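The block underneath contains the structure these notes are about, expressed in structure tokens.
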Amino acid sequence: MDAYLQAGLDALGDSTRMAIFQKLSNGPIAVNELARMMPVSRPAVSQHLRVLKDAGLVTGSKAGTRRYYRLNPEGVARLRAHFDQMWTKAMSAFQSAAEKPPAEKPSTQKPSIGDKHGKHSGRSRRP
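Quick note on numbering: the sequence shown equals residues 83 to 209 in the numbering used here.
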């Protein structure tokens, strides 16, 4: 697994970063706006954005006095390729298992009472 993919998966393992990532999926957002939508402080949002940026999942740009963040298409593509590959393997394994003929089941017939081997011994239990 490449380092950027692992960093991206690790970054999204935090619920606040995942929430930020999901909000950015709607388009670029200024840090101040993003902070108003989140239950954490503006400095905390900035720290989370830094982790997402270091993982290659978001990019930032400045417009006047505002800093905007957006999803990084390359980082998102890397994650998507990883999950597409996993899904393809899982579906292929499922198809192979579904097409495999059922295995024969061992006999479930129980021996009769008083007979350890399932055969009648010819002796009666009554005197």
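C-beta atoms are modelled at their ideal positions from N, C-alpha and C, and glycine is treated no differently.
Quick caveat, the model's predicted, so the values are computed rather than measured.
Q) Hey, how far is the Cα of residue 120 from the Cα of residue 101? A) 8 Å
Q: Could you spell out where the alpha helix (DSSP H) holding residue 145 opens and where it closes?
A: Run containing residue 145: none in the alpha helix (DSSP H); it sits in the beta strand (DSSP E), 140-145.
Q. Is residue 154 closer than 7 Å to residue 139 when the C-beta atoms are compared?
A. yes
**Q.** the segment 176-188 in contact with the segment 98-114 per 3-pair CB rule at 8 Å
**A.** no
Q) What did DSSP end up calling residue 112 once you bin it into helix, strand or coil? A) In this structure, residue 112 counts as strand in the three-state DSSP scheme.
Q. Would the beta-carbon of residue 99 fall within 7 Å of that of residue 134?
A. yes
Q) Between the Cα of residue 105 and the Cα atoms of 169, 150, 164, which residue gives the shortest distance? A) It is 150 whose Cα lies nearest to the Cα of residue 105.
Q) In whole angstroms, what separates the C-alpha of residue 124 from that of residue 118? A) About 8 Å.
Q) Residue range of the alpha helix (DSSP H) that residue 187 falls in? A) That residue, residue 187, is in no alpha helix (DSSP H); it is neither H nor E in DSSP.
Q: Give the single residue among 167, 170, 158 whose Cα lies nearest to the Cα of residue 94.
A: 158
Q | Selection from 103, 163, 109 that minimises the alpha carbon distance to residue 128 | A | 103
(Q) Check this for me: beta carbons of residue 163 and residue 89, under 7 Å apart or not? (A) no
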